[in-house]
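Chemist: Numbering (the working numbering), first residue to last: 23 to 362.
My structure is below; once you've seen it, I'll send some questions.
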């Protein structure tokens, strides 16, 4: 193990690796076959790429610290949000992130409090790849925190020397320093709906057992019945009442959030102008801190199938999911492939 830690600064499509003993940062560019748009495409390919990088640079594995730049995390400023509203605001923000597995933590940056969210699958994949060749990941810190020790997000030999002297600060402000918040979105969802999942499972098993019993039970022997002479009878014909369709929420009754994650300024406002004539009047627009591709839509149970289909056709978006605990009825995330 080396005496000084390695610093791996994670950008959208590359890693810059440095240490106080390396004159210039070493760059590892991810191939599209390993990582694309902040998602692990092929774990084996990523591990092979990291292994080849270490061999070519003749690196001696040691302690490794990940620094997350602004374009690989989601960020929300909590400073101006009242304490009584924070829990709901934080959950709404987490629900709006179009990733299946995330981790989050609140950091104090100078005089502000910021919620930082990272892609858990991306972190776990990179950690596994570097540990496979002998590195030991000791800290994961957002780049925005480095300003407190006079270091910018960009990786230089000087920044590595400063970081290596501030190890206690780095570890105290790492995602890994608070395992309680370092969790997956699916885990929180299962805990929240644990009783409902258990009840549904029990009912499903009971239904399957009853179906098997009635299916396998032998049919009773039929007995001959006497032939009766039919007699004409008079019936009063009455119409059979039809079931009443459940009321569907109109566009004006639905809440909509549009997040611009495409990098194209004003795209969310343009989509808002397209939806307003269709009756969607309760719309909130905003920008995401991370570019996303492709676009996606989250629907609550209040949105009818007809409205879902019409929205997806209008926006030309194919990715749609149900939102089990929505802050908004419709959350539209506009990715890089979106067109105004």
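C-beta atoms are modelled at their ideal positions from N, C-alpha and C, and glycine is treated no differently.
List in chain order: all unbroken alpha helix (DSSP H) runs of 4+ residues lying wholly within the segment 61-120.
Modeler: Correct list: 65-78 and 105-118.
Chemist: Which first and last residues belong to the alpha helix (DSSP H) in which residue 335 is found?
Modeler: That run of the alpha helix (DSSP H) goes 327-337.
Chemist: My understanding is that residue 143 touches residue 123, with C-beta atoms under 8 angstroms, so please give their C-beta distance in whole angstroms.
Modeler: Yes, they are in contact, since the Cβ atoms of residue 143 and residue 123 sit about 5 angstroms apart, within 8 angstroms.
Chemist: Determine the extent of the beta strand (DSSP E) in which residue 139 is found, giving its start and end residues.
Modeler: Taken as a continuous stretch (DSSP letters only), the beta strand (DSSP E) holding residue 139 covers 134-141.
Chemist: From which residue to which residue does the beta strand (DSSP E) around residue 342 run?
Modeler: That run of the beta strand (DSSP E) goes 342-344.
Chemist: Between which residues of its own chain and residue 226 is the CB-CB distance below 7 angstroms, once the five residues before and five after are set aside?
Modeler: Counting only Cβ-Cβ distances below 7 angstroms, and skipping sequence neighbours, we find nothing.
Chemist: Quick one: give me the first and last residue of the beta strand (DSSP E) that residue 28 is part of.
Modeler: From DSSP, the beta strand (DSSP E) with residue 28 extends over 28-32.
Chemist: Tell me the rounded alpha-carbon separation between residue 104 and residue 278.
Modeler: Approximately 23 angstroms between the Cα atoms of the pair.
Chemist: Pick out whichever of 83, 151 and 101 has its Cα sitting closest to the Cα of residue 136.
Modeler: For residue 136, the nearest C-alpha among the options comes from 101.
Chemist: Let me confirm a value: residue 156 is counted as buried when at least 16 other C-beta atoms fall within 10 Å, else exposed. Which label applies?
Modeler: Under this definition residue 156 is an exposed residue.
Chemist: Pull up the CB-CB distance for residue 89 and residue 178, whole angstroms please, since I reckon it's below 8 angstroms.
Modeler: About 12 angstroms separates the two Cβ atoms, so there is no contact after all.
Chemist: Under 7 angstroms Cβ to Cβ from residue 173, same chain only, skipping five residues before and after it: list those, please.
Modeler: Closer than 7 angstroms at the Cβ level, and outside the excluded window around residue 173, lie 181, 184 and 185.
Chemist: Between residue 336 and residue 59, what straight-line distance do the alpha-carbon atoms span, to the nearest angstrom?
Modeler: Rounded to the nearest angstrom, the two C-alpha atoms are 25 angstroms apart.
Chemist: One question on the structure: do residue 329 and residue 319 come within less than 9 angstroms of each other, judged by their Cβ atoms?
Modeler: Cβ atoms of residue 329 and residue 319: not closer than 9 angstroms.
Chemist: What is the DSSP secondary structure of residue 131, counted as helix, strand or coil?
Modeler: Residue 131 falls in the strand class under three-state DSSP.
Chemist: Taking the alpha carbon of residue 7 as the reference point, which residue from 310, 27 and 332 has its own alpha carbon closest?
Modeler: As shown, the chain starts at 23 and ends at 362. That puts residue 7 outside it, with no answer to give.
Chemist: In angstroms, rounded to a whole number, what distance separates the CA positions of residue 340 and residue 299?
Modeler: Each residue's Cα considered, the two are about 22 angstroms apart.
Chemist: State the DSSP-derived secondary structure class of residue 44, mapped to helix, strand or coil.
Modeler: Of the three classes helix, strand and coil, the one that applies to residue 44 here is coil, per DSSP.
Chemist: Just tell me which of 305, 145 and 285 has its CA closest to the CA of residue 197.
Modeler: Nearest of 305, 145 and 285 to residue 197, Cα basis: 145.
Chemist: Going by beta carbon distance, what residues of the same chain come within less than 8 angstroms of residue 188, once the five residues before and after it are set aside?
Modeler: Here the set comprises 171.
Chemist: Helix, strand or coil: how does DSSP classify residue 307 here?
Modeler: Residue 307 falls in the strand class under three-state DSSP.
Chemist: Excluding sequence positions up to five away, which residues of its chain have a Cβ less than 6 angstroms from the Cβ of residue 353?
Modeler: If we look at residue 353 and ignore the five residues flanking it on each side, its Cβ neighbours are 118, 279 and 320.
Chemist: Leaving out the 5 sequence neighbours to the left and right, which residues in its chain are closer than 8 angstroms to residue 68 when beta-carbon positions are compared?
Modeler: Excluding residues within five positions, the ones whose Cβ falls inside 8 angstroms are 52, 56, 57, 62, 147, 148 and 151.
Chemist: Identify, in the order they occur along the chain, each residue of the same chain with its Cβ nearer than 6 angstroms to the Cβ of residue 195, setting aside the five sequence neighbours on each side.
Modeler: Closer than 6 angstroms at the Cβ level, and outside the excluded window around residue 195, lie 163 and 167.
Chemist: Could you give the residue range of the beta strand (DSSP E) that holds residue 279?
Modeler: Element bounds for residue 279: 277-282.
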